[in-house]
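Residue numbers (this note's numbering), protein chains in the order written: chain A, 538 to 673; chain B, 615 to 1355; chain C, 89 to 592; chain D, 17 to 134.
Following: one structure in structure tokens, then a few remarks.
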Amino acid sequence: MNSVILSAGIRVLIPLFFLFSLYLLFRGHNAPGGGFVAGLVASTGFALYAINYGAERTRRRFKLKPIFLIALGLLLAVVSGLIPIIAGETYKTGLWLEEIEIPIMGKPGTPILFDIGVYLLVGGTVLKIIFSLWEE
Amino acid sequence: MVLALYPAAAFAWLMTQFGSVSGGEVISSSWDWVPTMGISLSFHLDGLSMLFALLITGIGALVLTYAGTYMKGMPKTDRFFMSLVLFMASMLGLVLSDNIISLFIFWELTSFSSYFLIGYHHEDKESRKSALEALLITAGGGLALLAGLILLGIGGGSMEMSQLVQRGDELAESGLFTAAMLLIIIGCFTKSAQFPFHFWLPSAMAAPTPVSAYLHSATMVKAGVYLLARVSPVFNGADGWHALLLIFGGITMVLGALIAVMQTDLKKILAYTTVSALGLLVMLLGIGTGIAIKAAVIFILAHALYKGCLFLIAGIVDHETGSRNIRKLGRLFKQMPVTGTAAVVACLSMAGIPPLFGFISKEYSYESTIGMVVNSPLTTSAFFITGMLFVAAAGMLSYMVFFGRRNKLDIKPHEAPITMLAGPAVLAVLSIVLGVFSGLINPLLDQASQVVFPENEPLNLKLWHGINTELILSMTTLVAGIAAFAFVYYNPRLMSMIEISDKIKPSYAYKQTMDSLAELAKNVTQRVQNGYLRVYISMMVGTFCVLALIVLKDFGIPNIEVLWSDFRVYDIVIGVLMIVACFYTVVAKSRLLAIAMLGVVGYGVAFVFIIFGAPDLAMTQILIETLTVVLFVLVLWKLPHYLIFDEGFIKFRYFLVSALFGAIMTWIVMLITSYPLDSHLKTWFAESSYPLGMGRNVVNVILVDFRSLDTLGEIVVLGIAAVGIYGLIKFTTEDDKEEAI
Amino acid sequence: MENELLLVLLIPLLGGIISLFFWMDVKRQKIVFLISTIAMTLAAINLMRSVLENEVITLQSAGWDAPFGISLVADYLSTFMVLLTGIMGLAVGIYSMGDMDRARMRFGFFPLMSFLLFSVSGAFLSGDIFNLYVWFEIMLISSFVLMALGNTKAQLEGAIKYVTLNIMASIFFLAGIGVLYGLTGTLNMADIALRIHSVPDEGLITLAAVFFFIAFGVKSAVFPLFSWLPASYHTPPVAITAIFAALLTKVGVYAFIRFFTLIFTHESPFLDNLLIFTAATTMFIGVLGAAAQMEFRKILSVHIISQIGYLIMGLAIGTKLAITGVVYFIIHIVFVKTNLFLISGIVNRLKGSYELKKLGGVYHTYPFLALLFVISAFSLAGFPPLSGFWAKFALVKAGLVGDAYFLVLVALATGFLTLYSMSKIWNEVFWKKKPEEETNLEIETLKKERGVINRQVLLPVIAITVLSVGVAIWAEPIFYFAEMTAEQLLNPEIYIVNVLGMAQ
Amino acid sequence: MEDVLPFLIGGLYAGGVYLVLHKSFVKLIIGLIILGYASNLMLFTISRITRGAPALVPEGAEALVEPYADPLPQALVLTAIVIGFGIQAFAIVLIKVGYRIVATDNLDDLNTTDRLDD
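In structure tokens, the structure reads:
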């Protein structure tokens, strides 16, 4: 699989995958998409890279620490629920910045933060699994 | 030794109450323990309790003194004494409790502590076996007793014995009466070693002798008798009560005495005579007349005095000579005069010779058997035989050990130290004193008999009743007994030749039961837990099928109204394709094909989602499907050749189970969807998603907002799965190799 | 009030997440675990205090009113199960610090334990059937990983069966959720309890119950669905077995109690008979299995099944007294069974085996350990005045009052066989002389490798023993609480009103 | 299609169970995955389905416009799919490692742990 064209292709593909995943992530609240799907797409990019260059190299090249991603994603998901408590609401109550309207995404709010947590975790999980299997 | 002070103090305190209790007072104190369950720690000191409490503390003090010397130099004596004191306390609790459940608690505690006492020589296999036997039988009976007592409590509407005895009539009317009675009788029979549960008692002789003297003569084994006496105001007169106690008591009495005279081991002789004595007590309770109750109360005391004494003596003999075999022992009186004297006195009491206390007891027993309305001759002759054999046994215990033939011992015996002699001496002296001055104990025994038989006439103990039938019978018994002893003494061979076939012994039945239980356990376990995963799965699926079919049989098979106009060609194509793919995963000859077919099924599912308006689902399904296939390929390409196992008939059976399962699920889906569904959630989500959830994709809004807790759980699952997969693949016990994260 | 409920979930979750940040750093993970579990236990106590005041506390997650969001509900039963979870997590966690091998700790033992405690508490508190499914799945995956962690042959064999059968159970669970949603159009348990009365045919409700019977039956290991338990429970290190024994099957029983007192309350002789049949067979076949085994941990793990039978028995009788008995029984069994497992682990540390044949002489050398075992074992066998007696007493009494004579008979026979199997362990491991084969030298090297009994392993055992004796001696407050719990369970209106916010 | 779905679900269930009753490791996993599909589809179907019309609020509208698919079961199924994936991934790797260590492809050989010792 170590063909030059593929290598070059993957180099280009990674940022593309990454951008596409972000797009999916942020449009998720209003159209099909969301953190989970986005996370899968992002990790697929890195997985392709890993298939070509090996897991070790992928890890070093992008400074990826899957367990760290998993932990961070979980933390973000939990914290997104804690913010409303500080504001005196129930856990996980959605807080929105109603005045701001961002293209694609719509209004920013804690549920979006939660979705980002999902995104990170899913990416971390898939990478962790693929790396573990690949290195064996 | 110091420990002996505790029971001695308790004994002293009891003696201070002696006067008032004998006068008919009842001392009680109560503390609510678990009122929710109707359990209190209430204590009640009346005549019957007093009698037992005095025995427990008095003999307890003597035994502890004795054991201090006896156990010297043996291992783990601290644990031994701990158990012994625990036993003493629980026994005391048992006879003082008024609440039937706290009584039961102490009852079980005596079983528990005696388990450790019997198993004292636990490194010896026989000892462990005996301890276990005693535990299982008494605890097994305990379970019956528990049920019986609860039934009694339910029927009588109270858990207090003092209340229950007054509600005898009310109880008799409740439907639980007979069951309660039977269960309580079973419990008492196991504890008091009645036929056919008697065999644990002789085996329990594996315990150190002080334990036997204490538990197996004076206290624990009498607990059953005590309880029967306690509840007899409730059950006296009920159908079956008399018959059961009479028959089993009688059998136990005669059998015990018969086996006793065939033994050669001192402790075994004592054990079997104890069994016999317990049988006598149960029988007397079974007779249940006023005089019989009196006889029972008297005999409890008489027996405790002489049997405790004899056990202690057996211990001394064993301790000083190293043997308990009456064939080897003989003419010890010269070396052990004090022990010998005590033994003779105790044996005379056992044989029922005046002026000892045992004589009074025997007189009363005869009086009660003669006074029976029915079956008097049979009972009287049973008692006659027993009495005769008791005389013989007494002879074996005293004459053969301390006089008779020259001993065949290797060591030269000598008298025991004073601490060990104190016990038997005191008990022997009491046997004489109470016999001659029976007035001393008369008020207490009178009270005790009143407790058991409330309308009993006052007791008036006398040594001399004049020449009457009882006396004649007593004397005849004595003569016959001496003759029997002579027979045993001069025909040792003959006695040892009498062998009872193992197979008719209850102990054999016990062994068989336990063995077959173990066998059953093994068979059942191997059957349900045979190690084959597919059997487990089919058990699960099969259970579901059976249960679901039972429920479904009430529903018809729903009508299928196929509206062909609604059909689109690709629906059918997708459906058929999925089923075919599913079929191919089953029959595929190569792993890769199976996985590819799995992929087809997965994409088909995604397509169904698209058709029914679930784009998010479809997207996720497709991605996941791809990932799963990739994972499969990554994982499986290293596995060896795909094996197809031919299972023939079994395969067919599994096919049937699967087909049935599939059919049931189809049925259920059709059944449920045939009813209309009005989901208020659906409309609410449709209306609230954008205004409240700020999102146009309702599914996503539900996922990240309305039901974000589910999603949080979902990602935790993923995270853990990743950690787990990493652990599965990378697990290493090497410590130094630092893994990259 | 709501946040008190939240804390018991948040603390173990955050504990787990922080432990993940310290991946491979065992020292810090230990500290994190210890702090978070202590905090969780305290939070549970706090929650209990609050629930005792308010009867039922509801947290509407994300602020959406029931039945639209997800409700987390703390009533007496849930709260006390959470409290038990905290206590057992702490005890077993401390034990494992002295017993678990370093390799397993490096591969995530502590974060997994945290996640397990998180999910178990979540399952107790959930008031939504699909959410309950999610908690079940978290619990499953963490137990899968813990079960397989270490990759020994036996563990993997056990894990494959455990995983397969539990996934199957989840499939039934999911289908059951579908059926209930298809019938009532809602997911909130309280809402279902209201709407289930308008289901056109009661047979349909029974049909739904069959799905949950299978799902929870597998989880709680009743006959004939328990096969995964004897196949797997004895394979991982003893601390893991102990925490599984303490919590996992209890979650299944909890779900049984919740569903059969809140949702499936319609008259159904079929379901009644099913529960009676299950209770009797589970009790008896479970204890027969224990009687047949000859390995310390196997006896204990198979014996779990028979205990579950007792709990189902209480549910089958279904009177207030019976449910009171069940609640008490749960406390008893959690303490005692866990303790026995931990003791078996200590014996293994000392003597290097779980096989009864190879063991012996523990009574001689370690009287204190023997005492601890005796207390727990005889408690399990139902000897008074230990906790097992009270538990059995309440159930037997309930059975006799409720005319369930057959169940009582089986329960008593089971009690007898329990005594038999416990005394077998006692005879073989403690009283018997140690077999000669093993030389002293070997024991010495073993001790050097494993370390003698250290503080971390002994402390939890002593603590749990004290607790279990405590609940026996001070049985009254426990029974009082259990009775309140039973009353609350049998009068679900309070629960429903509270969750759906209809009080105002 | 609504009328076909119950049969499809039944077929998948039957196929899944039949697969897990085999002795092969791989068939076991495939069977479990298929059973997962079946129960997802069942959950989806049994909560009533609507053809077309995804649950998206159109631009300019405040609420979904009839006819629309019930979004709740979709969310549930999505959660179930993801959870299922996590667990299946673990199971796949477990089977692989199990295969390596136990060294057999025959599930019937995995019966040492629940054997009685005598």
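In this text, a Cβ means the ideal position worked out from N, Cα and C, and glycines have one as well.
Note that this is a predicted model, so its numbers are computed, not measured.
Runs of beta strand (DSSP E) with 3 or more residues, each lying fully within the stretch 323 to 395 of chain C, are absent.
The beta-carbon separation of Arg1321(B) and Ala568(A), rounded to 19 Å, does not stay under the 8 Å limit for a contact. Secondary-structure assignment with DSSP links Ala162(C) through a beta bridge to Ile145(C). Contact check for Gly570(A) against Arg564(A) passes: the beta carbons are separated by less than 8 Å. In the structure shown, the three-state DSSP call for Leu313(C) is coil. Approximately 5 Å separates the beta-carbon atoms of Thr647(A) and Ser617(A); this is inside 8 Å, confirming the contact. Around the CB of Pro824(B), 16 or more other CB atoms lie within 10 Å, so the residue is classed as buried.
A straight line joining the alpha-carbon of Tyr680(B) with that of Met1034(B) spans about 5 Å.
Proximity of Ile666(A) to chain D, defined by a Cβ-Cβ separation below 8 Å, is satisfied. By the Cβ neighbour-count rule, Gly1170(B) is exposed, with fewer than 16 other Cβ atoms within 10 Å of its own.
Lys908(B) sits buried, since 16 or more C-beta atoms from the chains shown fall within 10 Å of its C-beta.
Between the stretch 746 to 760 of chain B and the stretch 843 to 851 of chain B, the count of C-beta pairs closer than 8 Å stays below three; the two stretches do not touch. Of all residues in the stretch 200 to 232 of chain C, the ones placed with a Cβ closer than 9 Å to any Cβ belonging to chain D are Phe218, Tyr221, Val222, Glu225, Ile226, Leu228, Ile229 and Phe232, in chain order.
Between the stretch 1007 to 1020 of chain B and the stretch 951 to 960 of chain B, the count of Cβ pairs shorter than 8 Å is three or higher; the stretches touch. Rounded to whole angstroms, the Cβ separation of Val559(C) and Leu430(C) is 18 Å, and the two are not in contact under 8 Å.
Residues of the stretch 548 to 582 of chain C with a C-beta atom less than 7 Å from some C-beta of chain B are Ala563, Glu564, Phe567, Tyr568 and Glu571, listed in chain order. Cα atoms of Leu1059(B) and Asp660(B): separation of roughly 11 Å, rounded to the nearest angstrom. Using a Cβ-Cβ cut-off of 8 Å, Gln243(C) does not count as an interface residue toward chain A, since no Cβ of chain A sits closer than that to its own. Within the stretch 82 to 106 of chain D, those residues whose Cβ lies closer than 7 Å to any Cβ of chain B are, in chain order, Tyr84, Ala85, Asp86, Pro87, Leu88, Gln90, Ala91, Val93, Leu94, Thr95, Ile97, Val98, Ile99, Phe101, Gly102, Ile103, Gln104, Ala105 and Phe106.
Neighbours of Thr1139(B) in chain D, taken as residues whose beta carbon is under 7 Å from its own, are Leu132 in chain order. If the five residues before and after Ala297(C) are omitted, its C-beta is found closer than 7 Å to the C-beta atoms of Phe352 and Leu359, all from its own chain and listed in chain order. Our two residues, Ser669(A) and Asp216(C), have alpha carbons roughly 36 Å apart in a direct line. Phe718(B) and Leu668(B) have their C-alpha atoms roughly 20 Å apart. The C-beta of Leu72(D) comes closer than 8 Å to at least one C-beta of chain A. Here DSSP, grouped into helix, strand and coil, assigns Asp646(B) to strand. Taking 8 Å as the cut-off, the Cβ atoms of Leu577(C) and Thr349(C) count as close.
Rounded to the nearest angstrom, the Cβ distance from Gly1145(B) to Asp130(D) is 5 Å, consistent with a contact under 8 Å. Just measuring C-alpha positions, the residue of Ile106(C), Ser432(C) and Phe224(C) sitting nearest Lys338(C) is Phe224(C). At a cut-off of 8 Å between beta carbons, Phe651(A) makes no contact with chain D. A direct Cα-Cα distance of roughly 37 Å separates Ala545(A) from Val1222(B). The secondary-structure analysis by DSSP pairs Leu655(B) across a beta bridge with Trp645(B). The way I'd put it, the stretch 24 to 37 of chain D does touch the stretch 46 to 54 of chain D; three or more beta-carbon pairs between them come closer than 8 Å.
Annotation note: the stretch 852 to 877 of chain B contains the following uninterrupted alpha helix (DSSP H) runs of length 4 or greater, listed N- to C-terminal: 855 to 874. Spatial neighbours of Leu172(C) in its own chain (CB-CB distance under 6 Å, excluding positions within 5 residues in sequence) are listed in chain order as Val422. The C-beta of Trp562(C) has fewer than 16 other C-beta atoms within 10 Å across all chains shown, which makes the residue exposed.
Close to chain D, meaning a Cβ-Cβ distance shorter than 7 Å, are the following residues of the stretch 560 to 575 of chain A: Ala568 and Phe573.
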